[in-house]
Amino acid sequence: MSILYTLVRYIYLKEFFYLAYCFTQIFSLGFIIIYSQLFDIADFYKDVCIVFASFFAVAFAFGFFKGQILPSIDSKKELFLISSLTIFALVIVVYHYMLFSYLPYTIIYLLLLLSVIFNIKEGVKSTLLHIFAWSLVCLFLFILQIKSIYIKSGYIDLILIAFMLEAILFTINLANKYKELKMANEDYENMLLQQTKLAKTGSMIGNIAHQYRQPLNNISYILINLRNKYEKNKLTKEFFYNKYNQIEEQLHFMSKTIDDFKEFYSPNKEKENFLLIDSINRAINILQPLVKQYSVHLNINFNTSEVTKVYGVANEFSQVILILLKNAIEASKDEKNPIINIEVSSQNGLIKIEIIDNGIGISKTNFVKLFKPYFSTKKEGFGIGLYMVKLIIEKSFNAEIKADSLEKGMKFSIFLEKSF
Numbered sequence: 035m036s037i038l039y040t041l042v043r044y045i046y047l048k049e050f051f052y053l054a055y056c057f058t059q060i061f062s063l064g065f066i067i068i069y070s071q072l073f074d075i076a077d078f079y080k081d082v083c084i085v086f087a088s089f090f091a092v093a094f095a096f097g098f099f100k101g102q103i104l105p106s107i108d109s110k111k112e113l114f115l116i117s118s119l120t121i122f123a124l125v126i127v128v129y130h131y132m133l134f135s136y137l138p139y140t141i142i143y144l145l146l147l148l149s150v151i152f153n154i155k156e157g158v159k160s161t162l163l164h165i166f167a168w169s170l171v172c173l174f175l176f177i178l179q180i181k182s183i184y185i186k187s188g189y190i191d192l193i194l195i196a197f198m199l200e201a202i203l204f205t206i207n208l209a210n211k212y213k214e215l216k217m218a219n220e221d222y223e224n225m226l227l228q229q230t231k232l233a234k235t236g237s238m239i240g241n242i243a244h245q246y247r248q249p250l251n252n253i254s255y256i257l258i259n260l261r262n263k264y265e266k267n268k269l270t271k272e273f274f275y276n277k278y279n280q281i282e283e284q285l286h287f288m289s290k291t292i293d294d295f296k297e298f299y300s301p302n303k304e305k306e307n308f309l310l311i312d313s314i315n316r317a318i319n320i321l322q323p324l325v326k327q328y329s330v331h332l333n334i335n336f337n338t339s340e341v342t343k344v345y346g347v348a349n350e351f352s353q354v355i356l357i358l359l360k361n362a363i364e365a366s367k368d369e370k371n372p373i374i375n376i377e378v379s380s381q382n383g384l385i386k387i388e389i390i391d392n393g394i395g396i397s398k399t400n401f402v403k404l405f406k407p408y409f410s411t412k413k414e415g416f417g418i419g420l421y422m423v424k425l426i427i428e429k430s431f432n433a434e435i436k437a438d439s440l441e442k443g444m445k446f447s448i449f450l451e452k453s454f
């Protein structure tokens, strides 16, 4: 069962140490079958099994542990410590072999134990767990003198127990290693999300400049009007406060723009209930200069009277909308009358958001690659935008996103659970 489990793991994850361990187990099983004399097989094949099991045991041990093979020694104190631990390890390994009389598992134990000693500063958790468990087994059997009792009583050979314990330990270690890989993958996804945002920083800064140019011009004209009125002694209280209020409106707009960008680039991962419209508007405000630049008709239609709230990370959803809208703008900007529609509807506890454009669309060949990482139809594209969209929707919101190629343009549909 352990052999089959390991083989399936290798097929799905393509990690070499799974394959190496699978062959170690196969040849170990062959050795045990011949050793137990269940069948009339020549002892020569037992030696063959030992050799190949030992070879794959070495391959597995080197593939399984983390860190460098050779130790990094920076002081005499470290040299003394590593030397002492290495001698101690060799003594324990000799007893391990005397106890089980099976070379492949002793090889695994030796190499993993040395890897822990040589990389003690790095913290090799999976390897340390394997070594700690085997050491406890050896210590327990040594104290109770189980080897002598087994030889005198004629019980089942200890190699059979070793075979079972090794399989159990490996399964436990796999669970621990999978947990480490999952955590590393989550860290990578977070880093990729931030890189996606940073990759767009240049264009976003340009958007801020566009956003600020108009209100700054307005403020400049208002101040010129105020100065002219003052110089001509025609500045009334009513006129002054009217212009004062106009300046406040422009400053409020500029402040809101900064808040939108600050919220968008925040690394906050705390989930909460948030209003869908706020998250959508934040993305639209950031992209407003592009909308104006290309004269895009951007329409938002809320086809529901309910207050649409969802549970998740608000700025991540803004990131999703921003990527989809920016792609839609770039796809439709060369059209005579570029149109982008955002349709929001609610039914049976689900919220559906559709983003539809009348742009150039995508070919059937490229459509199947749409959400793949590092695929882009744009020369300057990074190819991680739509990949991040799918990742955020599926992983962070536990939701679904679909793409449809229309006769003219594209449609992206997001299905989210409503938050009550």
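One gets our numbering by counting positions in the sequence shown from 1 and adding 34 to each. Using N, Cα and C, we set each Cβ at its ideal position, and we do this for glycine too.
Per DSSP, the beta-bridge partners of MET444 are SER439. Within the segment 296-340, the runs of beta strand (DSSP E) that reach at least 3 residues and sit entirely inside it are, in chain order, 306-309, 331-336. The beta carbons of ASN361 and ASN333 sit about 17 Å from each other, so the pair does not count as a contact at 8 Å.
Going by beta carbons, LEU384 and PHE449 fall inside the 7 Å limit. Taking C-alpha positions only, TYR44 is separated from PHE89 by approximately 18 Å. Of the candidates LYS445, TYR345, GLU441, GLU364, the residue whose Cα lies closest to the Cα of LYS429 is TYR345. Two segments are said to touch when three or more pairs of C-beta atoms, one from each, lie closer than 8 Å; by this definition the segment 346-354 touches the segment 426-445. The criterion of a C-beta distance shorter than 7 Å is satisfied by SER313 and SER352. For the pair ASN392 and GLU369, the CB atoms are nearer than the 7 Å cut-off. Annotation for ILE376: the continuous beta strand (DSSP E) segment containing it runs 373-381. When DSSP reads this structure, ASP391 sits in a beta bridge with ILE374. Beta-bridge annotation (DSSP): ILE385 is paired with SER380, LEU450. GLU340 is positioned such that its CB atom lies closer than 7 Å to that of SER380. By the neighbour-count criterion, in which a residue is buried when 16 or more other Cβ atoms sit within 10 angstroms of its Cβ, ASN337 is exposed. The three-state reading of DSSP puts GLU434 in strand, counting E and B together. Leaving aside the five residues that flank CYS56 on each side, the residues in its chain whose CB is nearer than 7 Å to its CB run, in chain order, ILE37, THR40, LEU41, TYR44. Positions of the alpha helix (DSSP H) runs, each at least 4 residues long and wholly inside the segment 54-80, cannot be given because no such run exists. Taking PHE50 as reference, the option from LYS367, THR270, ALA91 with the minimal CA-CA separation is ALA91. The beta-bridge partner set that DSSP reports for TYR345 consists of ASN307.
When only Cα atoms are considered, LYS271 and ASN315 end up about 36 Å apart. Around the Cβ of THR140, a 10 Å sphere holds 16 or more other Cβ atoms; the residue is buried. Assigned with DSSP and collapsed to three states, LYS403 falls in coil, not helix or strand.
Its Cα nearest to that of LEU285, the residue LEU250 stands out among LEU250, TYR275, LEU269. Across the set LYS305, ASP438, GLN280, LYS367, the C-alpha of LYS367 shows the shortest separation from the C-alpha of GLN327. In its chain, beyond the 5 residues on either side, LEU260, LYS263 have a beta carbon closer than 8 Å to the beta carbon of LEU269. Close CB contacts of VAL423 within its chain, under the 6 Å cut and outside five residues either way in sequence, are with VAL354, ILE357 (chain order). Looking only at GLU306, ASN267, LYS386, ALA76, the smallest Cα-Cα distance to PHE446 is reached by LYS386.
Residue nearest to GLU451 within the set LYS442, ASN382, PHE274, SER397 is ASN382 (criterion: CA-CA distance).
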